[in-house]
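Asks: First the structure, which I've put down as structure tokens, then a few questions once you've had a look.
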Amino acid sequence: MSVADHSNREITAAPRPAGARQGARAGVVSRTAAMVVDAAVSAAIVAAGYGLWAGVRLLRAPRRFAWPELPFPALASLALIVAVVLLTVTWTSTGRSPGAHLMGLRVLGTDGSPPHLGRSFLRAIACVAVPVGLFWSAVSRRNASVQDLLFSTSVVYDWHERP
Amino acid sequence: MDRIPIGEQPDDTDNVVRLPAPGPEDAADGDLSYEEAIAADADATDDEVSSEPSPGSQIAELMGQGVKVSAGLFAAGATALADALRATRPADPEAEQGKDPAATLAGAGLGAAVTAAEAAAGAATQVADTIGPALSWLVEPRFAKDATEVAAGAARVLDGQWKASQAEMVAAATSFLHELVPEIARGLADQVDLTTLVRERVDVNAIVDDVDLERILDRVDVDALAERIDVDAIVERIDMERLAREFPVETVVEGLDVNAVVDRVDVDRIVDRTDLLGIVERLDVSAIAQEVIEDVDLPRVIRESSGALAGETVRSARVQSMNADRLVARIVDRVLRREARDLAAPPPKDPS
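These protein sequence lines are chains A and B, in that order.
Oh and the first sequence: position 33 is 34 in our numbering, straight run, nothing missing.
Oh and the second sequence: position 142 is 180 in our numbering, straight run, nothing missing.
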């Protein structure tokens, strides 16, 4: 099946130039933007958790309330763990992390469907541990990042809501 | 007091003063006292009347009844006059003992009137026989000789006669007034506008001021009154539909100062008295939530919000990043001196 055939099932909401490229492998700029959004979402989740924790402490002991003290490495580690969990769950379910959803991207396995859990988990760890591996997609002839090469995945333009 | 039928003579007519009828025995009565002479004559007259009624007796009886009525009316007036005279006079021990000259004089006058009435009745039947003896009696030398003594005695006798006849006279007058007064009252009512009269002459406010409402209310047995009221019967007779139809709701509502009413409502007190927890416990919240969830198409809401997310701004960002991807790829490819990239995605999973 050609790219054009693959794009036939795409939504018509995409403008013509973009619609022609639906299903094609995405470039480094879009993927970097998606990665930044994912990082921001992870940080936001950690911040929300921190605020929730502080709120619970405030309710339990209003007079002795103080902001919870956590060292930055702990917070950073927490954010990385959250990111891994977030990416694993979203990739294996729909193939779209929050950033991918925003940028209209989707992660696919070798069979053209979202990767399975183990592959998603390993790929998430790889992405969080070596985020610069993403930039290999700028050089790769198939727009593949280091993680794509390691786990036989690809990232395509997909503005369609469902895989 | 029983009403005395016209035409009948009362039984106790012995004391009634009668004009002495002339006769043979009249000469023998020369030594009789005035009272004795009258009493004897009365018996004779009574017998004559009862034994042989003459053709003119009915006229006489009618006249007699009329005179009795007049005398009764006069008696009432005279008694009232005597009372008035007595009231204006200083206290008199003699009056207290029953020898009131005023009463005596009034009774005497009445007795004279009664006697005159009886005489008039007799005269109607025996005019010719009565005039002469009466005149002769009046010019009796004995009468003129001791005029003062006779006058005093006559007054006493007349008073006694009056007292004896008083009951009869008053009864006659009463029965007469019984018939006459309503007629007079009706005639007066037809001629007089009582409402106007009351308005002009009666100080209603003064009368109302004098009314002791508290005392009246104390005497009113409201419970007994309420028990006698058949509320069900009253309610049955009320045409509620007509009442509701004609009830001026608009007027009432316009007249209501709703703001003032609301200002007087103590909302806090109402809330305090409201069992909110009880209400909440009685509500099947889970069922309501389930119903709401069923009514709301959550997937559609999420899709629409996602669609909103993929709005113009997002679409623009996607297109720009897509173009940036192409630009970067072209630059890199040019630097690396190679052909266009192979961007074909892996084919979708074949369902077969």
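No residue lacks a Cβ here, since even glycine has one placed at the ideal position from N, Cα and C.
#1: Rounded to a whole number of angstroms, what is the C-alpha to C-alpha distance between Ser-121(A) and Glu-350(B)?
#2: If you reduce the DSSP assignment to three classes, tell me which class Val-131(A) lands in.
#3: Need the endpoints of the beta strand (DSSP E) that Ser-155(A) sits in, please.
#4: Can you tell me the Cα-Cα spacing of Arg-364(B) and Ala-48(A), whole angstroms?
#5: Taking any Cβ of chain C, which residues in the stretch 43 to 72 of chain A have a Cβ under 8 Å from it, in chain order?
#6: Compare the C-beta of Arg-368(B) with all C-beta atoms of chain A and state if any pair is closer than 8 Å.
#7: Just checking: is the beta-carbon of Asp-149(A) within a distance shorter than 8 Å of some beta-carbon in chain B?
#8: With a threshold of 8 Å between beta carbons, is Thr-89(A) in contact with chain B?
#9: Helix, strand or coil for Leu-106(A), going by three-state DSSP, please let me know.
#10: Counting only C-beta atoms, is Asp-380(B) closer than 8 Å to chain A at any point?
#11: Of the residues Leu-79(A), Val-30(A), Leu-81(A) and Gly-52(A), which one's Cα is nearest the Cα of Pro-69(A)?
#12: Contact between the stretch 81 to 89 of chain A and the stretch 28 to 42 of chain A is defined here as three or more beta-carbon pairs at a separation below 8 Å; is this criterion met?
#13: In the DSSP assignment, find the alpha helix (DSSP H) that holds Gly-96(A) and state where it starts and stops.
#14: According to DSSP, is Arg-376(B) helix, strand or coil?
#15: Under the DSSP definition of a beta bridge, which residues are partnered with Arg-26(A)?
#16: Could you check the C-alpha separation between Phe-136(A) and Arg-64(A) for me, to the nearest Å?
#17: Going along chain A in order, which residues have a C-beta closer than 7 Å to the C-beta of Ala-363(B)?
#18: Does any residue of chain A bring its CB to less than 8 Å from the CB of Arg-375(B)?
#19: Along the stretch 106 to 131 of chain A, where does the CB come closer than 7 Å to a CB of chain B? Name the residues.
#20: Taking the alpha-carbon of Leu-151(A) as reference, which of Ala-75(A), Gly-134(A), Leu-118(A) and Thr-33(A) has the nearest alpha-carbon?
#21: Runs of 4 residues minimum, wholly inside the stretch 33 to 92 of chain A: which ones carry the alpha helix (DSSP H) assignment?
#22: Ala-34(A) and Gly-100(A) look like a contact to me (Cβ under 8 Å); what is the Cβ gap, rounded to whole Å?
#23: By Cβ distance, which residues of its chain are closer than 8 Å to Glu-329(B), with the 5 residues on each side in sequence left out?
#24: What are the uninterrupted segments assigned as alpha helix (DSSP H) that are 4 or more residues long and contained completely in the stretch 257 to 313 of chain B, given in chain order?
#25: Work out the CA separation of Thr-154(A) and Ile-46(A) for me, nearest whole Å.
#26: Residues of chain B with CB under 7 Å from Arg-22(A), in chain order?
#27: Measure from the alpha carbon of Ala-67(A) to the alpha carbon of each residue in Met-104(A), Arg-124(A), Ala-145(A) and Trp-54(A), then state which is nearest.
#28: Is there a C-beta anywhere in chain B that falls below 8 Å from the one on Ala-84(A)?
#29: Name the two residues that bound the continuous alpha helix (DSSP H) containing Glu-238(B).
#30: Counting only C-beta atoms, is Arg-356(B) closer than 8 Å to chain A at any point?
#31: With a threshold of 8 Å, are at least 3 pairs of Cβ atoms found where one atom belongs to the stretch 92 to 112 of chain A and the other to the stretch 137 to 148 of chain A?
#32: Assuming the contact rule is C-beta atoms closer than 8 Å, Val-296(B) and Leu-103(A) should be a hit. Round their C-beta distance to whole Å, please.
#33: Out of curiosity, what's the CA-to-CA distance linking Glu-86(B) and Gly-102(B)?
#34: Can you tell me where the alpha helix (DSSP H) holding Asn-243(B) begins and where it ends?
#35: How is the alpha helix (DSSP H) around Phe-152(A) delimited, first residue to last?
Replies: The answer reads as follows:
#1: Along the first sequence, one-based indexing puts residue 121(A) at 120. Along the second sequence, one-based indexing puts residue 350(B) at 312. The alpha-carbon atoms of Ser-121(A) and Glu-350(B) are separated by roughly 31 Å.
#2: Position 130 of the first sequence, counted from the first residue, corresponds to residue 131(A). Note: Val-131(A) maps to coil in three-state DSSP.
#3: Numbered from its first residue, the first sequence carries residue 155(A) at position 154. Counting along the chain, the beta strand (DSSP E) containing Ser-155(A) begins and ends at 155 to 158.
#4: Reading the second sequence from its first residue, position 326 is the one you call residue 364(B). Reading the first sequence from its first residue, position 47 is the one you call residue 48(A). Roughly 35 Å separates the two Cα atoms.
#5: You won't find chain C in this structure, because its protein chains are A and B.
#6: For this step, residue 368(B) is matched to residue 330 along the second sequence. Arg-368(B) does not count as touching chain A.
#7: Translated into the one-based positions of the first sequence, residue 149(A) becomes position 148. It does not; no Cβ of chain B falls within 8 Å.
#8: Reading the first sequence from its first residue, position 88 is the one you call residue 89(A). Output row for Thr-89(A): interface = no.
#9: Numbered from its first residue, the first sequence carries residue 106(A) at position 105. Three-state result, Leu-106(A): strand.
#10: Numbered from 1 along the second sequence, position 342 holds the residue referred to as residue 380(B). It does: the Cβ of Asp-380(B) has a partner Cβ on chain A nearer than 8 Å.
#11: By one-based count along the first sequence, residue 69(A) stands at place 68. Looking at the Cα atoms, Gly-52(A) is the closest of the given residues.
#12: yes
#13: Within the first sequence, the letter at position 95 stands for residue 96(A). Note, Gly-96(A): premise wrong, no alpha helix (DSSP H); not H, not E.
#14: Taking the second sequence and counting its residues from 1, one reaches residue 376(B) at position 338. In the structure shown, Arg-376(B) sits in coil (DSSP, three-state: anything other than H, G, I, E or B).
#15: In the first sequence, counting from the first residue as 1, residue 26(A) sits at position 25. Per DSSP, Val-157(A).
#16: Along the first sequence, read from residue 1 onward, the residue named residue 136(A) stands at position 135. Along the first sequence, read from residue 1 onward, the residue named residue 64(A) stands at position 63. Rounded to whole angstroms, Phe-136(A) to Arg-64(A) spans 50 Å at the Cα level.
#17: In the second sequence, counting from the first residue as 1, residue 363(B) sits at position 325. In the sequence under discussion, the amino acid at residue 363(B) is Asp, which differs from the Ala named in the question. Ala-27, Gly-28, Val-29, Val-30 and Ser-31, listed in chain order.
#18: Stepping through the second sequence from its first residue, residue 375(B) is reached at position 337. Output row for Arg-375(B): interface = no.
#19: Leu-109, Thr-111, Asp-112, Gly-113 and Ser-114
#20: To locate residue 151(A), count along the first sequence from 1; it is residue 150. Ranking the options by Cα distance to Leu-151(A), first place goes to Gly-134(A).
#21: none
#22: Sequence index remark: in the first sequence, residue 34(A) carries index 33 (1-based). Sequence index remark: in the first sequence, residue 100(A) carries index 99 (1-based). Indeed they touch by this definition, with Cβ atoms about 7 Å apart.
#23: Within the second sequence, residue 329(B) is the residue found at index 291, counting from 1. Nothing meets the Cβ criterion.
#24: 260 to 266, 269 to 275, 278 to 284, 287 to 293, 296 to 302 and 305 to 311
#25: The residue given as residue 46(A) occupies position 45 in the first sequence. The residue given as residue 154(A) occupies position 153 in the first sequence. Going by the C-alpha atoms only, they are around 27 Å apart.
#26: For the purposes of this step, residue 22(A) is taken as residue 21 along the first sequence, with counting starting at 1. Those within 7 Å of Arg-22(A) in chain B are Met-360.
#27: Within the first sequence, numbered from 1, the residue matching residue 67(A) stands at position 66. Looking at the Cα atoms, Trp-54(A) is the closest of the given residues.
#28: In the first sequence, residue 84(A) corresponds to position 83, counting from 1. For Ala-84(A), the answer is no, since every Cβ of chain B falls outside 8 Å of its Cβ.
#29: In the second sequence, the residue the question calls residue 238(B) occupies position 200. From DSSP, the alpha helix (DSSP H) with Glu-238(B) extends over 232 to 239.
#30: As a working note, residue 356(B) is residue 318 in the second sequence. Output row for Arg-356(B): interface = yes.
#31: no
#32: Residue 296(B) sits at position 258 when you count from the first residue of the second sequence. Residue 103(A) sits at position 102 when you count from the first residue of the first sequence. The pair is not a contact, with the Cβ atoms about 54 Å apart (cut-off 8 Å).
#33: Position 48 of the second sequence, counted from the first residue, corresponds to residue 86(B). Position 64 of the second sequence, counted from the first residue, corresponds to residue 102(B). A caution first: Glu-86(B) carries a pLDDT of 45, below 50, which makes its placement in the model unreliable, though a value can still be read off. Whole-angstrom Cα-Cα distance: 16 Å.
#34: By 1-based counting over the second sequence, the position of residue 243(B) is 205. Taken as a continuous stretch (DSSP letters only), the alpha helix (DSSP H) holding Asn-243(B) covers 242 to 248.
#35: Taking the first residue of the first sequence as 1, we reach residue 152(A) at position 151. From DSSP, the alpha helix (DSSP H) with Phe-152(A) extends over 147 to 152.
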